[in-house]
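Structure first, commentary second.
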DNA sequence: AATGAATGAGTTTTCATTCAT
DNA sequence: GATGAATGAAAACTCATTCAT
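This is how it looks when you write it as structure tokens:
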């Protein structure tokens with residue numbers, strides 16, 4: 015039986031609390047104390063584990079990215095065709111784990127942060143490039159030279175739907191969002207085949 | 015000759031400084047003093063004219079929205095057909111005034127703010143609904159019942175391209191962005207006609 | 015016909031506004047702008063006429079003191095006997111002009127101010143001494159060597175009734191207050207005669 | 015041995031510093047920084063323990079009130095007769111702890127504050143009512159229906175003596191002040207018996 | 001005479017961060 | 001490992017006061 019260890023437990027709790035707090039505040043203007051209280055520890059402990067506040071935020075961001083990455087990877091492994099791989103990416107983007115209001119808020123906040131904080135920017139770029147590469151790779155056999163272009167469109171649309179979701183008064187409709195992107199793809203690929 | 019009036023001058027200067035400062039900081043975490051200094055006045059004067067910081071931010075937001083509104087309205091007046099009206103909206107979105115890094119940064123920052131500040135949210139919603147109405151109205155004769163759906167896709171894509179532009183290492187390529195949206199429309203409308 | 019002159023008019027308006035504002039705020043924490051607005055002029059004009067804020071406050075204080083002085087002097091002139099003179103002072107203290115909530119608030123605020131501002135303290139002392147002298151003078155033929163002591167008691171009781179009035183939830187009852195002091199005097203003077 | 019506990023220590027120090035600072039300033043226009051410096055801590059700590067400045071002021075007020083309450087209660091317990099109880103209240107009012115210039119200044123400042131700040135007003139009213147009830151209760155067997163009236167006179171005189179003491183150039187003479195009130199009582203009660 | 005414009009000097013309050021225990 | 005205690009630094013906001021017009 016692996017002793018779970020207090021530290022990893024605390025770290026997880028703090029990261030979860032960070033995301034929840036960001037969602038509740040709707041921005042990164044969240045105090046370390048708020049986060050710590052939510053995680054049931056002292057703010058000093060948050061510093062002890064993560065160093066500066068920025069590091070905690072980065073860790074939360076990394077957590078979100080990794081979660082998405084795992085989710086997407088799983089779906090990609092199960093996808094037999096290029097077209098299915100594209101759907102896998104879309105499904106992961108609008109999957110239950112990603113499209114929760116909580117996650118979307120945090121996501122958007124991190125995007126803004128990336129404009130001013132270099133480490134956050136680096137993180138997002140790695141993710142963006144990986145996503146782009148995956149899309150292009152899957153699109154290549156279906157759309158040839160238009161692949162990068164379509165990938166760009168797909169990525170933009172996904173991001174745009176997140177943005178609107180973050181703001182939206184309407185309840186999140188992951189299915190409708192996914193369908194919109196799928197349709198975009200279908201139009202492009204049908205046109206290609208024609 | 016109308017006396018220029020100092021107040022409108024100062025207000026304009028402060029709003030301009032606000033947008034510039036937001037861009038430079040990459041977020042709304044800008045102090046009133048920074049903004050005031052940039053406008054060449056004291057922070058007290060900024061408070062004198064705008065009240066609280068939030069009011070200044072809102073005024074800047076309103077300014078951006080109004081600018082876009084005027085730009086779009088001008089282009090729409092010159093558009094003879096529904097399809098041209100759609101292009102007018104897209105052109106306004108990616109026009110020189112709107113797609114400057116400066117404006118895009120501020121835009122995104124305001125989106126985040128709208129998550130927590132009700133007045134900002136109201137402002138963005140008004141803009142979003144107006145845009146949506148314009149798009150649907152122009153799409154109706156071309157796409158019938160699919161109009162709302164396509165409008166949603168167009169709006170999402172535009173927002174997504176802004177988001178990516180805000181983050182992007184690449185220099186802004188308004189033409190490419192606009193082309194992507196135009197193409198999206200063409201695909202939908204071609205399919206419709208077919 | 016005496017041209018009233020703008021200046022005296024403005025000064026009066028400002029002093030009245032000062033007292034009203036102090037009453038409304040319940041303390042001297044009133045801004046010059048508030049006072050000026052209430053008087054219908056700019057704050058700059060208040061400074062123009064009175065110099066610093068302290069000077070305006072002092073002028074308002076002086077106004078209150080002078081008003082009380084005039085009121086008391088009038089009543090004293092009409093008082094035929096020492097006992098009547100004592101009643102005159104009491105009547106002036108609780109007269110309509112003095113015992114208004116407005117005046118009482120200001121009065122108390124000035125008492126506090128006198129603790130830290132020398133000019134205000136000097137002003138109040140002059141008034142206190144004059145009042146004391148008047149009381150002693152009237153008491154001497156009635157109470158002999160006990161005059162200063164009784165004067166002290168009367169003055170304290172008047173001040174105390176003001177204090178309680180300033181705080182009181184009950185509506186001001188000038189008659190009851192005056193009666194309490196009169197009774198105090200009667201007891202002393204009856205005892206003296208006995 | 016109970017660990018002294020830093021928090022209670024700091025709270026006490028801050029409250030003491032508040033009262034001292036109010037006395038020195040002669041009003042509540044005292045900055046949190048001044049108070050904190052006097053207590054030997056940072057202003058941030060004052061906020062940490064008391065929240066807003068108002069809360070610190072209220073705590074100081076409550077401290078004064080409680081101190082007086084304890085003092086009076088002790089003396090009342092030792093008073094065998096109604097008349098002795100009245101003297102106990104007077105003695106407590108002018109006792110060494112209460113009639114210090116420091117305390118009197120603060121007292122007066124709080125009275126003014128009560129005019130504009132509801133919580134302060136509530137606090138003072140509780141104290142005023144309790145005092146009134148005590149006086150009336152002790153006076154009832156001695157003065158019958160005149161008890162409330164005399165109680166009012168006693169309370170007013172005490173407050174008035176505080177007021178004059180706050181302003182006074184003369185050194186505080188607690189004995190003389192107390193004697194004045196005692197005499198007032200004696201006159202009333204002698205008259206009653208007669 | 002009168003004012004709008006403008007600001008410097010402060011004041012409260014918040015918060016990330018450190019440190020002794 | 002964990003925390004309460006403590007603070008320096010900063011930020012929003014206020015206000016008396018000055019000055020050009």
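Residue numbers (my numbering), protein chains in the order written: chain L, 15 to 208; chain S, 15 to 208; chain P, 15 to 208; chain X, 15 to 208.
Quick reminder that beta carbons are idealized off the backbone N, C-alpha and C, glycines included.
Keeping to the same chain, check which residues put their C-beta closer than 8 Å to that of residue i; ignore five residues upstream and five downstream.
| i | result |
| --- | --- |
| residue 196 (chain P) | 101, 104 |
| residue 2 (chain L) | No statement about residue 2 (chain L) is possible, as the shown extent of chain L runs from 15 to 208 and does not include it. |
| residue 200 (chain P) | none |
| residue 33 (chain S) | 74, 77, 78, 116, 117, 120 |
| residue 206 (chain S) | Its pLDDT being 48, under 50, residue 206 (chain S) is placed unreliably by the model, and the measurement read from it follows with that caveat. These residues qualify, in order along the chain: 156, 157, 158, 160. |
| residue 93 (chain P) | 99, 101, 102 |
| residue 198 (chain X) | 167, 168, 171 |
| residue 194 (chain P) | 171, 175 |
| residue 22 (chain P) | none |
| residue 24 (chain L) | 53, 55, 59, 63 |
| residue 11 (chain X) | Nothing in the structure corresponds to residue 11 (chain X), since chain X is present only between 15 and 208. |
Is it right to say residue i is buried, meaning 16 or more other beta carbons lie within 10 angstroms of its own, or is it exposed?
| i | result |
| --- | --- |
| residue 208 (chain S) | Residue placement at residue 208 (chain S) is poorly supported in this model, since its pLDDT is 35, which falls under 50; the coordinates are not used for a value here. |
| residue 167 (chain X) | buried |
| residue 20 (chain L) | exposed |
| residue 47 (chain P) | exposed |
| residue 171 (chain L) | buried |
| residue 91 (chain L) | exposed |
| residue 26 (chain P) | exposed |
| residue 86 (chain S) | buried |
| residue 54 (chain S) | exposed |
| residue 60 (chain S) | buried |
| residue 65 (chain S) | exposed |
| residue 204 (chain S) | exposed |
| residue 180 (chain L) | buried |
| residue 80 (chain X) | exposed |
| residue 189 (chain S) | exposed |
Please go through the same chain and pick out, in chain order, the residues whose beta-carbon is closer than 7 Å to the beta-carbon of residue i, but skip the five residues on each side of it.
| i | result |
| --- | --- |
| residue 15 (chain S) | Reliability fails at residue 15 (chain S), whose pLDDT of 39 lies under 50, so the model's placement of it is uncertain and the value that follows must be treated cautiously. Within the same chain, residue 15 (chain S) has no close Cβ partners at all. |
| residue 17 (chain S) | Confidence in residue 17 (chain S) is poor, its pLDDT being 45 and thus under 50, which makes the residue's placement too unreliable to answer from. |
| residue 76 (chain L) | 137 |
| residue 29 (chain X) | 73, 74, 77 |
| residue 13 (chain P) | Residue 13 (chain P) lies beyond the range of chain P shown here (15 to 208); nothing can be said about it. |
| residue 150 (chain L) | 161, 162, 165 |
| residue 57 (chain P) | 46, 47, 50 |
| residue 154 (chain X) | 161 |
| residue 31 (chain X) | 49, 52, 53 |
| residue 182 (chain X) | none |
| residue 40 (chain P) | 119 |
| residue 135 (chain X) | 128 |
| residue 260 (chain P) | Because residue 260 (chain P) is not part of the residues shown, which for chain P are 15 to 208, the question remains open. |
Below 6 Å CB to CB, which residues in the same chain sit around residue i once its five sequence neighbours on both sides are set aside?
| i | result |
| --- | --- |
| residue 191 (chain X) | 108, 175 |
| residue 202 (chain P) | 164 |
| residue 152 (chain S) | 96, 99, 100 |
| residue 187 (chain X) | none |
Can you tell me the Cβ-Cβ gap for residue i and residue j, rounded? I've got them flagged as a contact below 8 Å.
| i | j | result |
| --- | --- | --- |
| residue 146 (chain S) | residue 169 (chain S) | 6 Å |
| residue 36 (chain X) | residue 111 (chain X) | Not a contact, Cβ separation roughly 16 Å. |
| residue 69 (chain X) | residue 131 (chain X) | Actually they are not in contact, since the Cβ atoms of residue 69 (chain X) and residue 131 (chain X) sit about 11 Å apart, beyond 8 Å. |
| residue 173 (chain S) | residue 177 (chain L) | 5 Å |
| residue 44 (chain L) | residue 126 (chain S) | No, residue 44 (chain L) and residue 126 (chain S) are not in contact; Cβ-Cβ is about 13 Å, not under 8 Å. |
*Using a Cβ cut-off of 9 Å, which residues of the segment 124 to 149 of chain X contact any Cβ in chain P, in chain order?*
Residues of the segment 124 to 149 of chain X that bring their beta carbon within less than 9 Å of a beta carbon in chain P comprise 125, 126, 127, 128, 129, 130, 131, 135, 138, 139, 142, in sequence order.
*Positions along the segment 26 to 47 of chain X whose CB lies within less than 7 Å of some CB in chain P*: When CB distances to chain P are screened at a threshold of 7 Å, the residues of the segment 26 to 47 of chain X falling below it are 39, 40, 41, in chain order.
*Along the segment 52 to 81 of chain S, what residues have a CB closer than 8 Å to any CB found in chain L?*
Here the close residues number zero.
*Going along the segment 152 to 167 of chain X in order, which residues come within less than 8 Å of chain P, judged by CB to CB distance?*
Those would be 163, 166, 167, in chain order.
*Against chain P: residues of the segment 85 to 101 of chain X by CB proximity under 7 Å*: Here the close residues number zero.
*Going along the chain, which unbroken runs of the alpha helix (DSSP H) with 4 or more residues stay wholly within the segment 69 to 119 of chain L?*
If we require 4 residues or more, the alpha helix (DSSP H) runs fully inside the segment 69 to 119 of chain L come out as 96 to 107.
*Ordered list of alpha helix (DSSP H) runs contained in the segment 17 to 70 of chain P, each at least 4 residues*: Secondary structure in the segment 17 to 70 of chain P: the alpha helix (DSSP H) runs of 4 residues or longer, each lying completely within the stretch, are 20 to 39, 46 to 53, 57 to 64 in chain order.
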